[in-house]
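Residue numbering for the sequence shown follows our numbering, beginning at 20 and increasing consecutively.
In this text, a Cβ means the ideal position worked out from N, Cα and C, and glycines have one as well.
As the structure is a prediction and not an experimental result, all values here were calculated from the model.
To start, the structure itself, in structure tokens.
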Amino acid sequence: MKTAVPCYYHLDVEVSPERVGQVSRILAAHLRYWDLELLVKPVCHSAELLLKAIDEHASDKRTSIEMWWNRQHLITAVGGDDHGLRPDLDLRACLEHIAAMSDGWGCCATDTGSKVIWFSQRARAGQRVPLVPKAPAPNLREGLQVPRELPVTALAAPPNPADDGVLEDAR
């Protein structure tokens, strides 16, 4: 069973219509690997919406996608270097969908002027049903007891010179 350790994933991509589906499958694979199967649909759908909007409105298609899993929240961030892209105007419909599907979201600008849109989803680590030990299957062979004339304690006792004949008889 995988333990719930913090995880991080980073992907740089040149956005195009055919790359949107590829990126979605890559993100889904990482979420499954991190035992976050329940988050695959909302996270991939939100990421697809953002990538499609960036492909449609941005002049610079280079985008970075990051995911952080801190054992309680999965934070996904999509950042681009297009200075002309206005999230409040160009991405308004996309951000409304993301706000409806996520627990939290936001948009911020970096020192270089690029914009980052992030959203978070609450989740627990993958919970698995504990394994129940099975009873051993019956053995087809039966073990036969070797007959002994003397009890085991008599054979394990230190040799006594008076009992030399007893041990010789037991062999």
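DSSP state of residue i mapped onto helix, strand, coil
i	result
residue 32	strand
residue 146	Here residue 146 scores only 49 on pLDDT, less than 50, and its place in the model is too uncertain to base an answer on.
Alpha-carbon to alpha-carbon, residue j and residue i
i	j	result
residue 35	residue 90	32 Å
residue 113	residue 68	6 Å
residue 135	residue 37	22 Å
residue 75	residue 130	25 Å
Same chain, Cβ closer than 7 Å to residue i, neighbours up to 5 away in sequence not counted
i	result
residue 101	77, 78 and 79
residue 71	39
residue 59	47, 50 and 51
Cβ separation of residue i and residue j, assumed to be a contact under 8 Å, to the nearest whole Å
i	j	result
residue 105	residue 33	Contact doesn't hold; Cβ gap of about 21 Å is too wide.
residue 49	residue 120	With a Cβ gap of about 19 Å, residue 49 and residue 120 do not count as contacting.
residue 140	residue 61	6 Å
Own chain partners of residue i with C-beta closer than 6 Å, once the 5 adjacent residues on each side are dropped
i	result
residue 96	85, 135 and 137
Chain-order list of residues whose beta-carbon lies under 8 Å from that of residue i (same chain, five-residue window excluded)
i	result
residue 57	142
Where are the beta strand (DSSP E) runs, 3 residues long or more, that stay fully inside the segment 84-139, in chain order?
Look at the segment 84-139 and you find these whole runs of beta strand (DSSP E), each 3 residues long or longer: 92-99 and 123-128.
Could you tell me which whole beta strand (DSSP E) segments of length 3 or greater appear in the segment 35-90?
If we require 3 residues or more, the beta strand (DSSP E) runs fully inside the segment 35-90 come out as 81-88.
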